[in-house]
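Novice: Below you will find the structure I want to go over with you.
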Amino acid sequence: MWAMSTQISPIPNEIDETDAAATIAWAHREFGNGLVLTASFEDPVLVHLVATHAPGVPIVLLDTQYLFAETRWLVENLQQRLKFPLEIIRPLDDVRPDDQWQFDVEGCCARRKVEPLNRALQGRSGWITGIRRVDGPTRADTPVVQYDEVRGLTKINPLVAWSDEDIESYIVNNDLPRNPLVERGYPSIGCWPCTRPVAAGEDKRAGRWSGQNKTECGLHVTTKLTTTSEGQS
Numbered sequence: 739m740w741a742m743s744t745q746i747s748p749i750p751n752e753i754d755e756t757d758a759a760a761t762i763a764w765a766h767r768e769f770g771n772g773l774v775l776t777a778s779f780e781d782p783v784l785v786h787l788v789a790t791h792a793p794g795v796p797i798v799l800l801d802t803q804y805l806f807a808e809t810r811w812l813v814e815n816l817q818q819r820l821k822f823p824l825e826i827i828r829p830l831d832d833v834r835p836d837d838q839w840q841f842d843v844e845g846c847c848a849r850r851k852v853e854p855l856n857r858a859l860q861g862r863s864g865w866i867t868g869i870r871r872v873d874g875p876t877r878a879d880t881p882v883v884q885y886d887e888v889r890g891l892t893k894i895n896p897l898v899a900w901s902d903e904d905i906e907s908y909i910v911n912n913d914l915p916r917n918p919l920v921e922r923g924y925p926s927i928g929c930w931p932c933t934r935p936v937a938a939g940e941d942k943r944a945g946r947w948s949g950q951n952k953t954e955c956g957l958h959v960t961t962k963l964t965t966t967s968e969g970q971s
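Shown next, in the form of structure tokens:
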């Protein structure tokens, strides 16, 4: 049962929304052992930031049973390099690889992403995500800090104001490994059955659930926005 509290921890006004390191450090101080990062390992940036500025915070990978081999490679590479605590959360024991993704993508995501996420967040008070406004229209108004009323915790989005150029600069400046799929035309990476490369001029998330009336896997759509900081909205 999710907590029914409606409290949100406001981020200090002096922290600029583009300062991901300061945001993560604040979250670490604010939530301590209650803080967790869920990462898709589409890129290495947020994982590196959290491992550097909030050492010891667990990083959760949702193993949907359909992760690309390239994504698994990046997980292993970063974990060996940064030594962060990795938690791999899998679907329930009765969920087996099947063909559900061909005829029921919503149900497939619910069993392989949403339910495991809910278990991963049980008992947590702060949840770091990699949401960015440039990822698409459904994320364009996302604040740095928001309250997830369904799960009863504070959601922190340190990269929300970062551009693709910011991500690229961080990778280069910190000599980080990339997910090999990005250079093969996959700017947004999910499960292999439901992700394709995008063509020039297409939206970066056009390769997710292509041909389906679906733009989100369900991990973030239940969040209702509230005040993001003192004096901000």
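Going by our numbering, the first residue of the sequence shown is number 739, and it counts up by one from there. Every residue gets a Cβ at the ideal spot worked out from N, C-alpha and C, and that includes glycine.
(1) For my contact list, Leu824 and Val795 are in at a C-beta cut-off of 8 angstroms; report their separation, rounded to the angstrom.
(2) Any idea which residues DSSP pairs Trp865 with across the strands?
(3) At the level of alpha carbons, what is the spacing between Pro829 and Asp757?
(4) Buried or exposed, going by whether 16 or more other CB atoms sit within 10 Å of the CB of Met739?
(5) Return the chain-ordered list of same chain residues with a C-beta closer than 6 angstroms to the C-beta of Ala789, the five sequence neighbours on each side being excluded.
(6) How should Arg849 be labelled, buried or exposed, when 16 other C-beta atoms within 10 angstroms of its C-beta is the threshold for buried?
(7) When DSSP labels each residue in this structure, what does Ile797 get in the three-state scheme?
(8) Can you name, in chain order, every residue of its own chain whose Cβ lies under 7 angstroms from the Cβ of Gln731, other than the five neighbours on each side?
(9) For Leu919, which three-state DSSP category applies?
(10) State the Cα-Cα distance for the pair Ile797 and Ala763, rounded to the nearest angstrom.
(11) Nearest by alpha-carbon distance to His766: which of Pro931, His791, Asp781 is it?
(12) Starting from Asp886, follow its DSSP beta bridges and name the residues at the other end.
(13) Mapping DSSP to helix, strand and coil, what is Glu825?
(14) Would you mind giving the Cβ-Cβ distance between Val882 and Glu755, rounded to the nearest angstrom? I have them listed as a contact below 8 angstroms.
Specialist: Checking against the coordinates, here is how it stands:
(1) Actually they do not touch by this definition, with Cβ atoms about 11 angstroms apart.
(2) Val774, Lys893
(3) 34 angstroms
(4) Confidence at Met739 is low in this model, with a pLDDT of 27, below 50, so the placement of that residue is unreliable and no value is reported for it.
(5) Leu820, Phe822
(6) buried
(7) strand
(8) Since the first and last residues shown for the chain are 739 and 971, residue 731 lies out of range.
(9) coil
(10) 15 angstroms
(11) His791
(12) Leu891
(13) strand
(14) 5 angstroms
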